[in-house]
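Asks: The numbering of the sequence shown is the working numbering, which starts it at 7 and goes up by one.
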Amino acid sequence: MKVLLSEDRIHAGVDRLAKELNAFYGESPLTVVSIMTGSIVMLADLIRRLEMPVRISLIQASSYRGGTRSGELVVQDQMMLDIRDRDVLLLDDIFDTGKTLFEVSNRLRQMGPTSLKTAVFLNKLGQSTVPMNPDFVVFEIPNEFVVGYGLDYQDLYRNLPFVGVLEESDLARHSTN
Ligand code: IMP
Ligand code: MG
């Protein structure tokens, strides 16, 4: 698999994001809302570098692409903390069309946070179809299908410590097992 982002580059990138967030929020308490499942790897690395008091909340979003109701987003928020009057940072693995981040941020805004910012590990350039950009981005990437560091293909590869581009030969392995 072609490596797009090595483990070292990823750790330097997440360090950089943590420094930006520490500077931006200072000592104010922060609630990090992490969109499952793709963002949990970055979540675990990021929160250990944050210096303010941190609360962690999980939300699940999945879109059914290729199905008959393609693109429709299903959000499960049973594990959400109360975010009313809190500073909130919404975290996702990748901003592709942007629909996930756009829809989940609209939903969180209705819960009455003091402030809402968004951060993504990867921003796929040129793919956005929504009227927003993430506030914090760790890496900009070209329009390729990537896996690793939380990102999956058919729920596999999330555990890779690097980010790789999925190639034809990797896809072929899936059709034989
Ligand atoms: P969006 O709603 O189009 O921005 O897509 C966001 C979601 O699509 C992410 O949370 C991922 O689950 C998935 N996704 C988009 N591009 C990739 C990719 O290159 N690799 C793995 N998952 C991706
Ligand atoms: Mg996914």
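Quick reminder that beta carbons are idealized off the backbone N, C-alpha and C, glycines included.
Considering only the beta carbon of each residue, do T135 and K105 sit closer than 8 Å?
Replies: Taking 8 Å as the Cβ cut-off, T135 and K105 qualify as a contacting pair.
Asks: Which residue marks the beginning of the beta strand (DSSP E) containing V9, and which one marks its end?
Replies: Its beta strand (DSSP E) spans residues K8 to L11.
Asks: Mind checking who K123 pairs with in its DSSP beta bridge?
Replies: BP columns for K123 point to L95.
Asks: Can you have a look at P140 and say buried or exposed, based on whether 16 or more other CB atoms are within 10 angstroms of its CB?
Replies: By the 10 Å Cβ count, P140 comes out buried.
Asks: Grouping DSSP H, G and I as helix and E and B as strand, with all else coil, what is S68?
Replies: Reduced to three states, the DSSP call for S68 is strand.
Asks: Helix, strand or coil for Y159, going by three-state DSSP, please let me know.
Replies: Residue state, collapsed to three classes: strand.
Asks: Can you tell me whether D102 is buried or exposed? The criterion is at least 16 other CB atoms within 10 Å of its CB, across all chains shown.
Replies: Counting Cβ neighbours within 10 Å, D102 comes out buried, since at least 16 surround it.
Asks: Would you say the beta carbon of I16 comes nearer than 7 Å to a heavy atom of the ligand IMP?
Replies: Outside the cutoff, so no.
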